[in-house]
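Working notes for the structure below.
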Amino acid sequence: MTEAPDNEPVHLWNRPGIIVVDKPKGPSSHQVAAWVGKMLGCQVGHSGTLDPQVSGVLLIMLGNAVRLAPLLLQHDKEYICLMRL
């Protein structure tokens with residue numbers, strides 16, 4: 062079984078939320094979202110389709126956060142990242 066941080070099984074670790082993925086060229090947005098859903102064992106949705114030939118930021122909603130997808134698709138996107146190093 063895939064392990065999450067602190068060696069907890071992934072199915073005990075995942076919660077509703079959003080994962081930011083750097084989608085590589087090749088797979089479709091749907092394929093990437095499906096892979097994440099399979100790894101985490103939860104319902105997923107994504108924030109909009111990137112062509113398979115394109116790499117870029119893909120937001121993947123997990124669990125109940127999937128309900129946010131229609132709201133995200135209605136508006137322009139701006140990505141801001143805050144990090145503590």
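Add 61 to the 1-based position in the sequence shown for our numbering, that's all there is to it. Glycine included, each C-beta is placed from N, C-alpha and C at the ideal position. Nothing here was measured: the structure is a model prediction, and the numbers come from that model.
Nearest neighbour of I80, chosen from E139, A94, R145 [CA to CA]: In the sequence shown, residue 80 corresponds to position 19, counting from 1. Nearest option by C-alpha distance: A94.
Minimum length 4: unbroken alpha helix (DSSP H) runs contained in the segment 77-130: 90-101
Exposure of I141, with buried meaning 16 or more beta-carbon neighbours within 10 Å: Here residue 141 refers to the residue found at position 80 of the sequence shown. Exposed.
L146 - DSSP class collapsed to helix/strand/coil: Here residue 146 corresponds to residue number 85 of the sequence shown, with the count starting at 1. L146 falls in the coil class under three-state DSSP.
Cβ pair L143, L123 closer than 8 Å: Mapped onto the sequence shown, residue 143 falls at position 82. Mapped onto the sequence shown, residue 123 falls at position 62. The answer is no: Cβ separation not under 8 Å.
Where S108 falls, given that 16 or more other Cβ within 10 Å makes a residue buried: Translated into the one-based positions of the sequence shown, residue 108 becomes position 47. Around the CB of S108, 16 or more other CB atoms lie within 10 Å, so the residue is classed as buried.
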